[in-house]
Amino acid sequence: MPELPEVETIARGLAERVTGDVIESVWLGQKKEPLKSAAQEIAVTLERSRIAAVRRMGKHIVFDLEKDGEARTHLSAQSRNKHGVNDSHVSQKRREVGHPTLAGRSARATPDRAQWIVHLGMTGRLQIATPEAEIEKHTHAILKLVSGRELRFVDPRRFGRLSVARSADFDAGGFEPLEIDVDRFIELFRGRKTPIKSALLNQKLLRGVGNIYADESLFRAGIRPRRRAATITREQLVKLHSSVKEVLREAIALGGSSISDYVDADGEEGFFQLQHRVYGREGEPCLVCKTPIKRVVISGRSSHYCPKCQK
DNA sequence: ACTATTTCCTGGATGC
DNA sequence: TGCATCCAGGAAATAG
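In this text, residue positions in the first sequence follow numbering that gives the first Met the number 0: the first is 0, and each later residue adds one.
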């Protein structure tokens, strides 16, 4: 399940491989769940755009896109044609038609900017493939790249989401856990009656922390997941602030946690699952005190902790 | 304004 | 072996 460290790993891998490439055409599947923006809007925004950068925001992967004046000329021609999404593979010849006039180019010297936002949900994957490679079941989007490769979005459980941001930059909400300072961090939890575990999972507060890293952070900070956020001392929150950052940094360094079928952009597994101290260790001895690790459900999520080390 | 619960999804694991 | 049931969980929707 991709959380911040896994998404960071994937985004870095993709950045290495597709930055500078141009999206030639887009195919989107029939299933509607994976599409948060309208299919046509996604296709039109992506087609003929250059991938200027790939980065992570919370658990989202953000592709920064640029479209020059020439591309826009073709784009508007295509929009008028009202092609169905599944016909949106753009033919070679149309790509070569015409040249922008000098006037047209100077009038639009700044490239159009947009963003393609991908949330992987539970089982989403972005794979780089050759056109010959077999199309996997549950493939919901295929981007043909000018380099000749394809970028494919595969997601069996369809919890993942694709969207585009055009008029304004994408707002992922919340603070980046690796950037927030300790005072702001403490402020996030003031007056909150919700269990600290739930607060850590709330993306409007911190973006990117998921179930694994919430449990691991709370263990390192010695705080039980059910503790009401507002009752936690300043001192403990200072500890939690550093624990969250420590866990995330270590996980990123190891390429994330491969729990079920998570692999990075190169198909490589991460290794942080070997460092888990509580997550997935119900009944096993605490690595510090040997007390069996407990598992409880908090707001529908399994939560693991050591009843002796965490108060 | 908050907080808690339900819902969406499929595949793998489990049980009989 | 086959078939039904359960479980994983992020975030939006719904309810309180």
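Glycine included, each C-beta is placed from N, C-alpha and C at the ideal position.
Worksheet item: Is V296 helix, strand or coil by DSSP?
Response: strand
query = Which whole-angstrom value describes the C-beta separation of I292 and R280, a residue pair presumed to lie in contact below a C-beta threshold of 8 angstroms?
reply = 5 angstroms
Exercise. Residue range of the beta strand (DSSP E) that E65 falls in?
Worked result: H59 to K66
Collapsed DSSP secondary structure at T138 in the structure displayed: strand
query: On the three-state DSSP scale, how would you describe Q126?
result: strand
Three or more C-beta pairs below 8 angstroms linking the stretch 203-214 and the stretch 154-169: no
- Short Cβ contact (8 angstroms threshold) for V53 with A14: yes
Inset, instruction - Look up S36 in the DSSP assignment and say whether it is helix, strand or coil. - result: coil
I'd like to check one pair, I222 with Q235: are the Cβ atoms closer than 8 angstroms? yes
Indicate the three-state DSSP secondary structure (helix, strand or coil) for E23 in the structure shown.
strand
**OP:** Give the straight-line distance between the Cα atoms of E249 and G172, rounded to the nearest whole angstrom.
**Re:** 24 angstroms
Please return the same chain residues whose Cβ sits closer than 6 angstroms to the Cβ of K238, not counting the five positions on each side in sequence. A220
inquiry  = Rounding to the nearest angstrom, what Cα-Cα distance links L64 and A198 in this structure?
reply    = 33 angstroms
- Message: Along the chain, where does the alpha helix (DSSP H) containing F188 start, and where does it finish?
- Response: V181 to F188
Exercise. Opposite E149 in the DSSP bridges: which residues?
Worked result: A128 and K143
**Q.** In DSSP terms, what V163 is bridged to
**A.** W115
Do A229 and R183 have their C-beta atoms within less than 8 angstroms of each other?
no
If you check the beta carbons only, do A164 and I116 fall under 8 angstroms apart?
-> yes
Review point. Nearest to H240 by CA position, among L286, F218, K143 and P110, is which residue?
Key: F218
Next item on the list: Output the distance between the C-alpha atoms of Y278 and T18, rounded to the nearest integer angstrom.
Entry: 35 angstroms
Take the Cβ of G255 as the centre, count every other Cβ of all protein chains shown within 10 Å, and call the residue buried at 16 or more, exposed below. buried
Determine the direct distance from the alpha carbon of K289 to that of M56, and round the result to whole angstroms.
37 angstroms
Review point. When burial is assigned at 16 or more other CB atoms within 10 Å of the CB, is V287 buried or exposed?
Key: exposed
Q. Among M0, I127 and K307, which has the Cα closest to the Cα of M121?
A. M0
| message | Applying the 10 Å Cβ sphere with the 16-neighbour rule, what's the burial state of D170? | response | exposed
Is the beta carbon of P194 closer than 8 angstroms to that of P224? yes
Spatial distance of A10 from R151 (CA atoms) = 14 angstroms
Note to self: Using the three-state DSSP reduction, which class does A52 fall into: helix, strand or coil?
What the structure shows: strand
Check: Along the chain, where does the alpha helix (DSSP H) that runs through G12 open and close?
Finding: L3 to V17
| said: Mapping the DSSP letters down to three states, classify L205 as helix, strand or coil. | reply: strand
Counting C-beta neighbours from all protein chains within 10 Å, is the total for R47 16 or more, i.e. buried, or is it exposed? buried
Just verifying my parser: in three-state terms, what is the DSSP assignment at F218?
helix
*asked:* Let me check understanding here. Comparing Cα to Cα, which of H59, S36 and E186 lies closest to E5?
replied: H59
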